[in-house]
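Residues in the sequence shown are numbered consecutively from 566, following my numbering.
Every residue, glycine too, gets a C-beta built ideally from N, C-alpha and C.
Just so we're clear, the structure is a prediction, and the values are computed from it rather than from any experiment.
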Amino acid sequence: MMDYSGAERRRWPRVNLNLPIRFREVGEFSHSPLGSETKDISEGGVRFQTDKFLPKDSRLVMSIDLTDEPGVKAAVKVVWSVRDSHTNMYEVGVEFDTIPSEAKVELSNMVRKNLN
């Protein structure tokens with residue numbers, strides 16, 4: 566596991582949940598969406614793993630399957646992407662850019678329900 570050092574800058578509490586996601590880069594219609602699952606999620610964003618390099622500031626369209634709620638669709642922006650040299654996979658952090666208000670409420674409820 567990668568060790569991220571530095572000051573904690575998160576504005577929202579995160580929960581460790583593995584939820585199925587599908588995503589594609591904005592403007593990328595020639596390929597099927599890629600699949601993955603969340604490592605953790607908050608009201609502000611998602612961390613997930615993929616074998617595709619996604620540069621910082623890339624824009625994605627993402628759908629997240631919530632456990633007891635309807636799925637959430639959102640536009641997200643890549644905040645960071647770090648390659649794990651052991652697995653050749655990328656840990657990616659994205660923030661929600663555009664998310665419908667009803668989806669934001671569903672996401673907020675799901676995060677609160679899963680806080681320890």
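If you compare the alpha carbons of Lys642, Gly636, Asn679, Ser646 with that of phenylalanine 618, the shortest gap goes to Ser646.
Taking 3 residues as the minimum length, the beta strand (DSSP E) runs contained wholly in the stretch 592-670 are 599-606, 610-615, 624-629, 637-649, 654-663, in order along the chain. In the three-state DSSP reduction, arginine 677 falls in the helix class (H, G or I). Sixteen is the threshold: since fewer than 16 other Cβ atoms of the shown chains lie within 10 Å of the Cβ of threonine 652, the residue is exposed.
The C-beta distance from glutamate 602 to tryptophan 577 rounds to 19 angstroms, too long to fall under 8 angstroms, and the pair is not in contact.
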